[in-house]
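A.B. asks: Let me begin by handing over the structure; questions about it come next.
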């Protein structure tokens, strides 16, 4: 079983050339960097001054930023602070280049939002290892869900499209929870997070318990999860998942509600209503014989199946029975 | 007893890092988790016979790292949530007692007996999720094990007091340690973030009439403890039968006829596991 992230970085080769922005007045270092990889692996843009680079960084953020401590026009840490203070650029990993003296005298490492450093004298082997490790680390964590640490949307879409492009058979399962909102409203967000952590764990371990398969689990966000398994085990996985989820979820309610088997909470219109215990709904889309061409088709089919699954208040799964038809017209129901 | 001595002993007890178990179940579980075709149910059934492995599994799944502290009181659920990788980690890092005393083996059998009896009582009383009563029954004497491991020099004194003064084990503990295993259980349950119903069973099985939150749990384990001693299955640390509090039967609405039925049922169950041995 592999639960890999979408990038092949850890395994050695990258899926595409990595874009690196290098800010240093040190021409020798720039030459060293250029010499470490062919441009088919690493495309390095070198700036000797900080200001010129900033607009470029914001318009076209690279995969990695390497900053020298002393730029001619501004301290390197100022560039870092500028980049890291904006939420959209925060995940850009930064390697800081520092002298032995500065390293010895210390820096406020907790305040500087740096991901790694290299210290002069710069040795090619060490620089190479630091750069690769930093890129690999960033690709592992860049869109992980902050709660469950499962891969997020970008990784999910990437993985699905990759399988489609390779014309591999697979089953894509969308999972979400019924009555999660009413649970959250009644018990509060942190109790809701407990349920999401449990759900993530149940999905991951249920799929891992199917021996000898390649699989992928991702967290779209909120109470939406996806997983990918070979088509022939999908139904078994769903059956186990439903049974396990239904067995565990009552433990997350207060004893009285658990006893009653329902909770009182407000619906979307703000009216007080009785809601049953949470259930898990699963919609399974199959890709066989290269039927799907694009990720969007898969999600469109899944959404219409999900509506069907949701009609059942209990935990259940709905399998896509179409064979090679184009995706149906999916009316846009108000949720 | 001096407050600082009590605090010191509590600290020592909660500092338990390496809780050993008996080799028999550990070996069997290890063999089972190495096989690719073993099911969670099989593994759960086996782990549910060993108080130390069960405690470790529940401690781990209820730790804040997993994100739902105090929620899981079933071994089966714990195993699904932890997964086989983590379980393997627990198994390989668990040691066994260097010296396997007869009393330890007896305590393991007693705990299994109480697990069986507590869930039978819960079923007879029509309580929900009887497996959770089994877990509380299994762990009801965990404090004795932890005290033995962490305060080994006092273990002999307790056993001596039981013998020479004809005391119940809990009375001897109070005399030597200054507190009983029920108190130790409460500390451990808090420290390990075990679910509140399990905690209540562990810390009130000697005084079920004082249980506030989950009196059913405390009563079922109390009666279970009594019954395992009546059948003399295993060894709880002393040869006395505990005093069966009538309040416990009353609370669970068990009439003499029900008790008789439970005893008959248990008689069969104890016969079934009579061949099972931890040594």
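Protein chains in written order, with our numbering: chain G, 7 to 341; chain S, 50 to 328. Glycine included, C-beta positions come from ideal geometry on N, C-alpha and C. Bear in mind the structure is a predicted one, so any value in this text is a computation, not a measurement.
Along the chain, which unbroken stretches of the alpha helix (DSSP H) at least 4 residues long are found entirely within the stretch 212-237 of chain S?
C.D. replies: 218-225
A.B. asks: Return the chain-ordered list of same chain residues with a C-beta closer than 6 angstroms to the C-beta of residue 324(G), the five sequence neighbours on each side being excluded.
C.D. replies: Cβ neighbours of residue 324(G) beyond the five flanking positions: 289, 311, 314 and 315.
A.B. asks: Leaving out the 5 sequence neighbours to the left and right, which residues in its chain are closer than 8 angstroms to residue 226(S) when beta-carbon positions are compared?
C.D. replies: Here the set comprises 58, 196, 200, 203 and 207.
A.B. asks: What is the residue span of the alpha helix (DSSP H) that residue 159(G) lies within?
C.D. replies: 159-171
A.B. asks: DSSP on residue 251(G), reduced to helix/strand/coil?
C.D. replies: Taken through DSSP and simplified to helix, strand or coil, residue 251(G) comes out as helix.
A.B. asks: Rank 23(G), 292(G) and 145(G) by C-alpha distance to the C-alpha of residue 238(G) and give the top, closest one.
C.D. replies: For residue 238(G), the nearest C-alpha among the options comes from 292(G).
A.B. asks: Where does residue 276(S) sit, in a helix, a strand or coil, going by DSSP?
C.D. replies: Looking at residue 276(S) - three-state DSSP - the assignment turns out to be helix.
A.B. asks: Just to make sure I have the definition right: I need the residues of chain G whose C-beta is within less than 9 angstroms of the C-beta of residue 78(S). Which are they?
C.D. replies: None at all; the shortest Cβ gap to chain G is about 16 angstroms.
A.B. asks: Return the chain-ordered list of same chain residues with a C-beta closer than 7 angstroms to the C-beta of residue 343(G), the five sequence neighbours on each side being excluded.
C.D. replies: The requested residue 343(G) does not occur in the structure, where chain G is confined to residues 7 to 341.
A.B. asks: Can you pull the chain S neighbours of residue 236(G), defined as C-beta to C-beta under 9 angstroms?
C.D. replies: Those within 9 angstroms of residue 236(G) in chain S number zero; the least Cβ separation is about 17 angstroms.
A.B. asks: Can you tell me whether residue 181(S) is buried or exposed, with buried defined as 16 or more other CB within 10 angstroms of its CB?
C.D. replies: Answer is buried; the Cβ neighbour count reaches 16.
A.B. asks: Could you give the C-beta distance for residue 219(S) and residue 271(S), rounded to a whole number, given that I count them as a contact under 8 angstroms?
C.D. replies: Contact flag wrong, Cβ pair sits at about 12 angstroms.
A.B. asks: Could you give the distance in angstroms between the alpha-carbon of residue 160(S) and the alpha-carbon of residue 100(S)?
C.D. replies: Going from the Cα of residue 160(S) to the Cα of residue 100(S) covers about 7 angstroms.
A.B. asks: Considering only residues of the stretch 84-137 of chain G, which uninterrupted beta strand (DSSP E) runs meet the minimum length of 3 residues and lie entirely inside it, listed in chain order?
C.D. replies: 100-104 and 122-125
A.B. asks: Which parts of the stretch 257-314 of chain S are runs of the alpha helix (DSSP H), unbroken and 4 residues or longer, counting only runs that do not cross its ends?
C.D. replies: Taken in chain order, the unbroken stretches of alpha helix (DSSP H) that lie wholly in the stretch 257-314 of chain S and span 4 residues or more are 264-279 and 295-300.
A.B. asks: Report the residue ranges of all alpha helix (DSSP H) runs contained in full by the stretch 123-171 of chain S; include only those spanning at least 4 residues, in chain order.
C.D. replies: 124-142
A.B. asks: Looking at the C-beta of residue 208(G), does it have a partner C-beta in chain S at a distance below 8 angstroms?
C.D. replies: yes
A.B. asks: Here's the rule: buried if 16 or more other CB atoms are within 10 angstroms of the residue's CB, otherwise exposed. What is residue 244(G)?
C.D. replies: Answer is buried; the Cβ neighbour count reaches 16.
A.B. asks: Determine the contact status of residue 329(S) and residue 106(S), defining contact as a CB-CB distance below 8 angstroms.
C.D. replies: Coverage of chain S is limited to positions 50 through 328, which leaves residue 329(S) absent and any answer about it impossible.
A.B. asks: Going straight from the alpha carbon of residue 247(G) to that of residue 300(S), what length do you get?
C.D. replies: 37 angstroms
A.B. asks: Taking any Cβ of chain C, which residues in the stretch 100-120 of chain S have a Cβ under 8 angstroms from it, in chain order?
C.D. replies: Of the protein chains in the structure, G and S, none is chain C.
A.B. asks: Quick one: what does DSSP say residue 80(G) is sitting in, helix, strand or coil?
C.D. replies: coil
A.B. asks: Going along the stretch 199-228 of chain G in order, which residues come within less than 9 angstroms of chain S, judged by CB to CB distance?
C.D. replies: 199, 200, 201, 202, 203, 204, 206, 207, 208, 210, 211, 212, 214, 215, 217 and 218
A.B. asks: May I have the straight-line CA-CA distance separating residue 52(S) from residue 243(S), to the nearest angstrom?
C.D. replies: 26 angstroms
A.B. asks: Using a Cβ cut-off of 9 angstroms, pull out every chain G residue sitting near residue 184(S), in sequence order please.
C.D. replies: Within chain G, no residue has its CB atom less than 9 angstroms from the CB of residue 184(S), the nearest being about 12 angstroms off.
A.B. asks: Express the C-alpha separation of residue 121(S) and residue 188(G) in angstroms, rounding to a whole number.
C.D. replies: 22 angstroms
A.B. asks: In the DSSP assignment, find the unbroken alpha helix (DSSP H) run with residue 192(S) in it and report its ends.
C.D. replies: 191-199
A.B. asks: If the cut is a Cβ gap below 8 angstroms, which residues of chain G does residue 130(S) touch?
C.D. replies: 204, 207, 208, 211 and 254
A.B. asks: For chain S, check one thing: does any of its Cβ atoms lie closer than 8 angstroms to the Cβ of residue 268(G)?
C.D. replies: no
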